[in-house]
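Visitor:
Numbering (full-length UniProt numbering), first residue to last: 1 to 240.
(1) Tell me the residue span of the alpha helix (DSSP H) that contains residue 45.
(2) Three or more C-beta pairs closer than 8 Å, one from the region 57 to 76 and one from the region 104 to 124: is that the case here?
(3) Mind checking residue 167: buried by the 16 CB within 10 Å criterion, or exposed?
(4) Pull up the DSSP beta-bridge partners for residue 10, would you.
(5) Tell me which residues share the same chain as residue 122 and place their Cβ nearer than 8 Å to its Cβ, disregarding the 5 neighbours each side in the sequence.
(6) Of all the options 233, 146, 111, 32, which has the alpha carbon lying nearest to the alpha carbon of residue 172?
(7) Measure the alpha-carbon distance for residue 131 versus residue 204 and round it to whole angstroms.
(8) In terms of alpha-carbon separation, which member of 208, 125, 15, 109 lies closest to residue 159?
(9) Compare the beta carbon distance of residue 193 and residue 162 with 9 Å and say whether it is the shorter of the two.
Written out as structure tokens, the structure reads:
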């Protein structure tokens, strides 16, 4: 088991956002967390990444383990540098005053040795539009291009686990499906993917397994096919 979240209670200040959730992710899987706004999906990803306050929730109790070892005391930069996990945050949070190339290069600050240029070429192969705009300021990119850059920046950290927070937000249907096909391709090459997504139908089409969050608690879990075929899930999240 690669990642385990066990009986996790977390929140902001004294406000509890997660009420004892437990789930796991196996190496090489795509696992999705689905649910309405305010369900606790983004809080879960931030807790895993051990972001510093005030952005990150405080863990009140429970545990988060990576390859069997607790990471509650691991600093965020070591989550990226040593555990090889990285987050593509909701809203992208690219550096708008830097070029596409500078954003990608900046993401390699934790890396040592060779392979950086090879990974840069890989990002440009995945997202040819980024190569076309390599020297363009990133705040002049379209929303879809900025999402490509946010994903590419995560890949440049040499991560083996990528956490995606609402990657389809603000994208056209065409770009949205292209983006998820890219996630599927990366997964087929060995990348473990954890995706938080309000578009439950799309997420369940690419995921192996999923968990449904409702007001800070996991209320359903199963394979993606099982969840997509559950009447309650269909009614609440799939528009059927």
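Glycine included, C-beta positions come from ideal geometry on N, C-alpha and C. These numbers come from a predicted model, not from an experiment.
Guide: So, from the data block:
(1) Here residue 45 corresponds to residue number 45 of the chain shown, with the count starting at 1. 41 to 49 is the extent of the alpha helix (DSSP H) around residue 45.
(2) Short answer: they don't touch.
(3) By one-based count along the chain shown, residue 167 stands at place 167. Burial state of residue 167 is buried, judged by a 10 Å Cβ sphere holding 16 or more other Cβ atoms.
(4) On the chain shown, residue 10 is found 10 positions in, with the first residue counted as 1. In DSSP, residue 10 forms a bridge with 18, 59.
(5) In the chain shown, counting from the first residue as 1, residue 122 sits at position 122. Around residue 122: 155.
(6) Here residue 172 is taken as the residue at index 172 of the chain shown, counted from 1. Closest in alpha carbon position to residue 172, among 233, 146, 111, 32, is 146.
(7) Stepping through the chain shown from its first residue, residue 131 is reached at position 131. Stepping through the chain shown from its first residue, residue 204 is reached at position 204. Distance between the alpha carbons of residue 131 and residue 204 is about 30 Å.
(8) In the chain shown, counting from the first residue as 1, residue 159 sits at position 159. Of 208, 125, 15, 109, the residue nearest in Cα terms is 109.
(9) Within the chain shown, the letter at position 193 stands for residue 193. Within the chain shown, the letter at position 162 stands for residue 162. Their beta carbons are under 9 Å apart, which means residue 193 touches residue 162 by this criterion.
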